[in-house]
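To keep things clear, I will list the structure first and then write my remarks on it.
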Amino acid sequence: MTIRRAVPDITTADPAASSAFYQLLGFREEMNLGWVVNLVSPSNPTAQVILITKDAAASVNPDLSVEVDDVEAAYEAVRATGAEIVHPITDEEWGVRRFFVRDPDGKVVNVVSHR
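First residue of the sequence shown? That's 1 in the UniProt record's numbering, and the numbers climb one at a time after it.
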């Protein structure tokens with residue numbers, strides 16, 4: 001399995017203000033769905049920050065997103081260990097297939113592949 005990127009997910013009450021702050025550091029908005037904003041470094045597109053108010057499809061916000069080349073393999077690997085699946089594997093309307101799993105420290109990881 002290949003990791004394509006790992007990105008912190010920052011919960012925010014004011015995505016516009018948070019986006020403006022991170023843009024001061026050189027990021028630019030790549031995607032803005034209102035409830036989630038993806039900021040990207042123009043010179044290094046794998047350097048990203050995700051701002052999130054309330055996840056549109058899950059009951060909890062993730063702490064980290066990990067994009068993999070094979071989300072099915074990742075799902076089976078973590079499920080086999082008995083790890084807590086927080087959000088089932090789902091095809092989301094914004095073009096990703098993902099699931100959430102809780103890590104040993106209680107952090108929620110969004111494991112995702114683009115369709």
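Backbone N, C-alpha and C define an ideal beta-carbon position, used for all residues, glycine too. Keep in mind it's a predicted model, so treat the numbers as computed, not measured.
C-alpha gap between residue i and residue j, whole angstroms
i, j, result
"residue 14", "residue 53", "7 angstroms"
"residue 126", "residue 80", "The chain is shown only over 1 to 115; residue 126 falls outside these bounds and no answer can be derived."
"residue 65", "residue 3", "11 angstroms"
"residue 38", "residue 7", "10 angstroms"
Reduced DSSP category for residue i - H, G, I as helix; E, B as strand; rest coil
i, result
"residue 57", "coil"
"residue 20", "helix"
"residue 77", "helix"
"residue 29", "strand"
"residue 42", "coil"
Sequence-distant residues of the same chain with beta carbon closer than 6 angstroms to residue i, five excluded per side
i, result
"residue 83", "101"
"residue 10", "51"
"residue 61", "11, 52, 55"
Rounded Cβ spacing between residue i and residue j (contact assumed at less than 8 angstroms)
i, j, result
"residue 69", "residue 113", "7 angstroms"
"residue 36", "residue 71", "Not really, about 18 angstroms apart at Cβ, beyond 8 angstroms."
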